[in-house]
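**Student:** One structure coming up, written as structure tokens, with questions to follow.
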Amino acid sequence: MKTGLLPRLGRDMRRNWPLYLLAVPMILFYLIFCYGPIYGQIIAFKDFSPGLGIMGSPWVGLKHFEAFFQSRTCWALIRNTFMINLYALAFGLPAPIIFALLLNELRNPLFKRTVQTVSYMPYFISLVVVCGMILEFTRQDGVVNDLIALFGGRRTSFMLDPGWFRPIYTITDIWQGLGWGSIIYIAAITNIDQGLYEAATIDGAGRWRKMWHITLPGIRETIAIVYIMKVGQMMSLGFEKIILLYNGMTYETADVISSYVYRMGLMQMNFSYSSAVGLLNSVINLVLLVIANKVSKRLFEVGMW
Amino acid sequence: MTKRNSKRKSIALLACLACAASLALSACSTPSSESSALSSSSSAPSSSSSAASQEDSSSQAEPAGTGETISYWVPLHSNAAQVLTDWNDNECFQELERQTGVHVNFIHPPVGQELEQYNLMVASQELPDIISYDYPSGADSAIDENIYRPLDDLMEYSPNMQAIIDSNPEIRKQMTTTNGHIWGWGQFNLPENQGDKGQYSISPWAGPAVRADWLEELKLDAPETIDDWHTMLVAFRDQKGATAPLILPKSGRSGQSIFVSAFGVGAGFYQEDGKVKFGPMEPGFKDYLALMNQWYSEGLLDPDFAATASDSNFYAEYLTTGKAGSITETYQDIVPLYNSLFEGGEGKVAAVPYPVKNKGDQLHLGSLSPIVETGNGRRDYLTTAVSDDRLEAVCRWRDNWYTEESTMLFNYGIEGRSYNMEDGRPVYTDLIANNPDGLDYAVSSWKYKLFCGPYIYNAFAMPDPQIEASWASISTWISNNDRTDQMPPSEVPVENAKEYSGIMTEVNTYQDQMILSFIMGMEPLDNFDAFVEELKKLGIEKAIEYQQKGLDTYNSH
């Protein structure tokens with residue numbers, strides 16, 4: 140009854156060859172840029188010296204992993220990476236959903252489109268510029284402090300206070316990604332059967348009830364998938380924004396694994412050590428992804444696999 | 248019903264696809280940060296392949312037999328970047344190419360990314376012929392790891408530099424690594440080029456500066472002691488409305504130990520009678536921190552100094568707009584630049600002596616230019632990428648920088664264009680001295696001469712007003728500071744270099760954080776002893792020991 144995988148694949152390929160052709164560039168992209176470099180990962184177990192090359196450098200086993208676990212910063216790095224991501228998950232995940240729900244309630248199409256377009260804009264500003272703005276606005280003589288002073292508050296140097304780093308990082312992240320992140324939800328909302336709303340209206344449901352009982356369940360699957368994505372990205376936080384914002388005062392809350400890898404590898408030339416730390420990061424990342432998928436299957440009955 | 252289902256499915260599928268794509272992207276973004284060292288090798292060969300193609304084209308253009316192309320990696324100074332994108336736009340190098348028939352393919356890393364670009368280039372082993380950048384763990388390590396090639400057996404192709412080395416034992420010492428190799432080609436600050444009386448030969452290039460016009464207005468003398476500074480800064484704050492009377496570097500201390508040296512210690516490693524010490528763990532450093540903490544709480548420092556970029560454009564803005572009245576550390580050639588930025592000349596920045604604790608104190612720590620200049624862009628290294636048959640050509644071309652003709656070329660530019668001989672003395676034309684495009688000397692000299700670099704550098708090769716301004720700064724800074732405790736250009740021994748850099752990475756992160764915390768009052772100064780203890784735990788004593796070894800070897804050469 141069942142034919143082998145290969146014959147089936149072959150038949151499918153013949154039948155749907157244009158689809159396969161379309162996929163070729165992406166497959167090549169992943170092979171070259173994502174799978175190819177995995178080979179270089181072996182330097183995490185070697186003492187890499189540029190003069191000797193990847194193959195020629197001596198094997199050292201788990202030396203670099205041990206060094207990392209013994210270093211003073213190890214646990215702070217892991218904690219910071221988790222915390223910043225937890226903030227992003229706790230506040231960054233609901234924000235675009237709420238925004239999409241609110242947008243959906245707007246009845247004036249012109250106003251709705253304008254708001255939507257304006258909300259995309261921050262996403263297209265270069266990160267360097269965004270960070271420059273953040274640093275400028277949060278100075279003691281910056282806009283934010285001017286506002287606080289206007290209402291009789293005390294001026295604070297936000298970027299020098301370790302306690303403020305994570306909130307600032309998260310808030311600006313939400314500001315930048317709010318409109319962009321809501322697109323997928325808006326698309327999902329437009330796909331909900333209008334008949335359901337009509338039926339609910341006839342049954343006497345108000346706006347809140349419709350939002351709670353129709354809109355939210357209607358985009359449940361989308362939320363689940365975005366949630367898994369977010370968890371999958373948790374440890375692979377980009378270092379760019381961190382290194383543009385942190386300073387000596389905020390290392391204790393701001394320094395994350397990727398910024399550490401950047402400093403150790405690209406700035407200090409400890410390529411092997413930073414590869415080891417990066418590999419460790421990827422392993423944690425994978426574990427988290429699997430857990431998130433399990434959780435999602437429980438909660439939303441949707442999973443990636 | 249079925250229609251709705253299928254529609255819903257298709258949307259879910261779409262969402263899945265979009266997410267799967269970003270998942271895959273994010274999944275590979277993790278390894279990419281460390282593997283970018285490897286993947287970026289794909290960008291490095293492109294530059295060398297373009298070098299190869301240029302080689303082809305230039306060999307056709309050049310007369311037969313002179314078709315050599317040399318690839319040369321050198322950081323572009325931020326002032327130079329204002330007038331050119333490639334050293335081939337510099338008229339000296341155009342002239343040099345005319346003379347030697349050798350084309351140079353200059354590779355400049357983006358300004359501000361030099362270290363990263365350098366590390367990536369080295370890791371990918373895509374080396375040019377010559378690199379003007381220090382290997383982070385020292386020249387000996389680079390030679391051992393087969394990245395740089397010492398000139399030991401190639402000195403016959405470098406007769407001009409050989410003559411310089413032979414002329415002065417101090418130069419020989421500084422041209423030789425701990426393991427006894429000739430490391431490359433240097434910038435020579437020969438004593439005879441350092442002013443009529445040799446004033447520049449021990450010139451400090453950095454020191455403190457203040458708004459001299461404010462001093463005059465407030466009827467204050469130039470500050471000498473720390474108490475004078477305090478009086479002055481308070482006056483700047485109260486009477487001139489400065490929000491940041493003193494500009495302190497982002498790290499909380501001057502790399503040239505300005506203010507720190509008043510307490511008899513250095514900001515980093517220094518020596519006392521041949522014994523290496525690490526400033527931040529000495530008791531004097533606690534006094535420095537107490538002082539800065541007091542000044543910070545009195546509003547004499549920029550409240551956001553630790554989150555503010557340390558960059559001369561920013562400092563210039565602060566000084567010329569009246570937000571700041573003094574700067575802890577600036578350069579002798581930047582002071583004239585500040586003054587050129589005042590609109591209508593309504594302000595004046597001038598150097599003041601290194602601050603001392605008691606009137607008449609002598610200091611022993613500050614900026615110092617060794618006879619063979621240190622720093623990136625000042626030292627050229629031959630790489631192992633040069634094949635044996637090209638060694639002679641590359642070395643001879645590079646040695647050509649040290650001829651009398653080239654020395655004039657780099658210091659003054661082209662005769663009849665950037666300078667004319669008057670009474671046997673070169674005098675700059677308006678191209679440099681009074682640039683028609685309004686370029687300051689510090690900028691125009693990157694186009695019409697070579698502002699600085701690994702040639703026989705003449706500190707007096709500047710237009711007269713610049714010499715005066717420079718000398719005014721230097722003579723002020725030199726007046727109370729002999730800088731004898733400064734570390735010479737010694738290196739940590741190769742066998743300890745890796746461990747040393749590991750220790751210092753941790754130490755630097757920790758001390759950056761703690762020094763700022765002490766200054767900003769987040770950490771009480773009573774915890775200073777705990778801070779020193781933690782430094783010891785991180786292995787600072789070992790690092791000092793390795794520095795000591797390097798210094799001992801250096802002194803014994």
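These protein sequence lines are chains L and G, in that order. Counting in my numbering, the first sequence runs from 140 upward without gaps. Counting in my numbering, the second sequence runs from 248 upward without gaps. We treat Cβ as the ideally placed atom computed from N, Cα and C, and that holds for glycine. Bear in mind that the values here come from a model prediction, so they are computed numbers and not experimental data.
With H, G and I counted as helix, E and B as strand and the rest as coil, what does DSSP make of G/Glu742?
**Tutor:** Looking at G/Glu742 - three-state DSSP - the assignment turns out to be helix.
**Student:** How big is the Cα-Cα spacing for G/Val779 and L/Pro301?
**Tutor:** C-alpha separation (whole angstroms): 22 Å.
**Student:** How should L/His352 be labelled, buried or exposed, when 16 other C-beta atoms within 10 angstroms of its C-beta is the threshold for buried?
**Tutor:** The residue is exposed, with fewer than 16 neighbouring Cβ atoms inside 10 Å.
**Student:** Any C-beta of chain G within less than 8 Å: which residues of the region 364-391 of chain L qualify?
**Tutor:** Residues Ile364, Val365, Ile367, Met368, Gly371, Gln372, Met374, Ser375, Gly377, Phe378, Asn386, Gly387, Met388, Tyr390, Glu391.
**Student:** For G/Val641, which of helix, strand or coil comes out of DSSP?
**Tutor:** Helix at G/Val641.
**Student:** For L/Gly175, is the classification buried or exposed, using 16 other Cβ atoms within 10 angstroms of its Cβ as the cut-off for buried?
**Tutor:** L/Gly175 comes out exposed.
**Student:** One question on the structure: do G/Phe525 and G/Ile762 come within less than 8 Å of each other, judged by their Cβ atoms?
**Tutor:** No, Cβ-Cβ distance for G/Phe525 and G/Ile762 is not below 8 Å.
**Student:** If you measure beta-carbon to beta-carbon, which residues of the region 337-369 of chain G are closer than 8 Å to chain L?
**Tutor:** From the region 337-369 of chain G, only Leu362, Glu363, Asn366, Leu367, Val369 have a Cβ closer than 8 Å to chain L.
**Student:** For G/Val523, I'd like the list of residues in its chain whose CB is within less than 7 Å of its CB, leaving aside the five on either flank, ordered along the chain.
**Tutor:** So the qualifying residues of the chain are Phe516, Ile791, Gln794, Gln795, Leu798.
**Student:** Can you pull the chain G residues whose beta carbon is under 8 Å from the beta carbon of L/Leu427, in chain order?
**Tutor:** By Cβ distance, chain G contributes nothing, its closest Cβ being about 12 Å from L/Leu427, past 8 Å.
**Student:** Quick one: does L/Thr212 have its CB under 8 Å from some CB of chain G?
**Tutor:** Interface residue, yes.
**Student:** Between the alpha carbons of G/Val739 and G/Thr424, how many angstroms are there, rounded?
**Tutor:** Using only the alpha carbons, I get a separation of about 10 Å.
**Student:** How would you list, in chain order, the residues of chain L whose beta-carbon sits under 7 Å from the beta-carbon of G/Pro527?
**Tutor:** Within 7 Å Cβ-Cβ: nothing; G/Pro527 doesn't reach chain L, min ~13 Å.
**Student:** Taking only beta-carbon positions, decide if G/Asp759 is within less than 8 Å of chain L.
**Tutor:** True, the Cβ-Cβ gap to chain L drops below 8 Å.
**Student:** Kindly indicate if chain G contains any beta-carbon less than 8 Å away from that of L/Phe304.
**Tutor:** No, no contact with chain G.
**Student:** Among G/Pro710, G/Thr654, G/Gly671, G/Ala632, which residue has its Cα nearest to the Cα of G/Gln372?
**Tutor:** Nearest of G/Pro710, G/Thr654, G/Gly671, G/Ala632 to G/Gln372, Cα basis: G/Ala632.
**Student:** Tell me which same chain residues have a C-beta within less than 6 Å of the C-beta of G/Thr490, skipping the five on either side of it?
**Tutor:** Here the set comprises Lys570.
**Student:** May I ask you to report which of helix, strand or coil DSSP gives L/Thr354?
**Tutor:** DSSP places L/Thr354 in helix when its eight states are reduced to three.
**Student:** I'd like the span of the beta strand (DSSP E) that includes G/Arg458, first residue to last.
**Tutor:** Residues 453-458.
**Student:** Counting only runs of 4+ residues fully inside the region 349-428 of chain L, write out the alpha helix (DSSP H) ranges in chain order.
**Tutor:** Fully enclosed alpha helix (DSSP H) runs of 4 or longer: 359-372, 379-384, 390-393, 396-401.
**Student:** With 9 Å as the C-beta to C-beta threshold (strictly closer), list the residues of the region 255-282 of chain L near chain G in chain order.
**Tutor:** Result list: Leu274, Thr277, Arg278, Gln279, Asp280, Gly281.
**Student:** Could you compute how far the alpha carbon of L/Phe184 sits from the alpha carbon of L/Leu335?
**Tutor:** Approximately 59 Å between the Cα atoms of the pair.
**Student:** Could you give the residue range of the alpha helix (DSSP H) that holds G/Tyr695?
**Tutor:** Unbroken alpha helix (DSSP H) run through G/Tyr695: 688-695.
**Student:** Excluding the 5 residues preceding and the 5 following L/Ala363 in the sequence, name in chain order all residues of the same chain whose CB lies nearer than 6 Å to its CB.
**Tutor:** Result list for L/Ala363: Ser435, Phe439, Val441, in chain order.
**Student:** So if I threshold CB-CB distances at 7 Å, which residues from the region 553-574 of chain G count as touching chain L?
**Tutor:** From the region 553-574 of chain G, only Ala553, Ala554 have a Cβ closer than 7 Å to chain L.
**Student:** Within 10 angstroms of its Cβ, does L/Leu158 collect 16 or more other Cβ (buried), or is it exposed?
**Tutor:** Per the 10 Å Cβ criterion, exposed.
**Student:** Given G/Leu462, which residues of its chain have a CB within under 8 Å of its CB, disregarding the five upstream and five downstream residues?
**Tutor:** Counting only Cβ-Cβ distances below 8 Å, and skipping sequence neighbours, we find Asp468, Ala469, Met479.
**Student:** In whole angstroms, what is the alpha-carbon distance linking L/Leu145 and L/Ala162?
**Tutor:** For L/Leu145 and L/Ala162, the distance between alpha carbons rounds to 18 Å.
**Student:** Step through the CB atoms of chain G and report whether any lies within less than 8 Å of the CB of L/Gln209.
**Tutor:** It does not: the Cβ of L/Gln209 has no partner Cβ on chain G nearer than 8 Å.
**Student:** Where DSSP assigns a beta bridge to G/Leu629, which residues make up the other side?
**Tutor:** Beta-bridge pairing links G/Leu629 to G/Ile377.
**Student:** How do the region 404-420 of chain G and the region 606-626 of chain G stand: do at least 3 beta-carbon pairs fall below 8 Å, yes or no?
**Tutor:** Contact between the region 404-420 of chain G and the region 606-626 of chain G is present, because at least three Cβ pairs lie under 8 Å.
**Student:** With burial defined as no fewer than 16 other Cβ atoms inside 10 Å of the residue's Cβ, what is the status of L/Arg446: buried or exposed?
**Tutor:** One cannot answer for residue 446 of chain L here, as it falls past the ends of chain L, which runs 140 to 444.
**Student:** What does G/Gly433 pair with, by DSSP beta-bridge criteria?
**Tutor:** Answer is G/Arg626, bridged to G/Gly433.
**Student:** Based on the DSSP output, what are the partners of G/Thr703 in its beta bridges?
**Tutor:** Contrary to the premise, residue 703 of chain G reads as Ile rather than Thr in this sequence. G/Ile703 is bridged to G/Phe435.
**Student:** Got a sec, what are the start and stop residues for the beta strand (DSSP E) L/Arg294 sits in?
**Tutor:** It is not in any beta strand (DSSP E) - L/Arg294 carries neither H nor E in the DSSP assignment.
**Student:** Give me the chain G residues within the contact set of L/Gln407, using Cβ-Cβ distance strictly less than 8 Å, ordered along the chain.
**Tutor:** Here the neighbours are Pro383, Ser748, Thr752.
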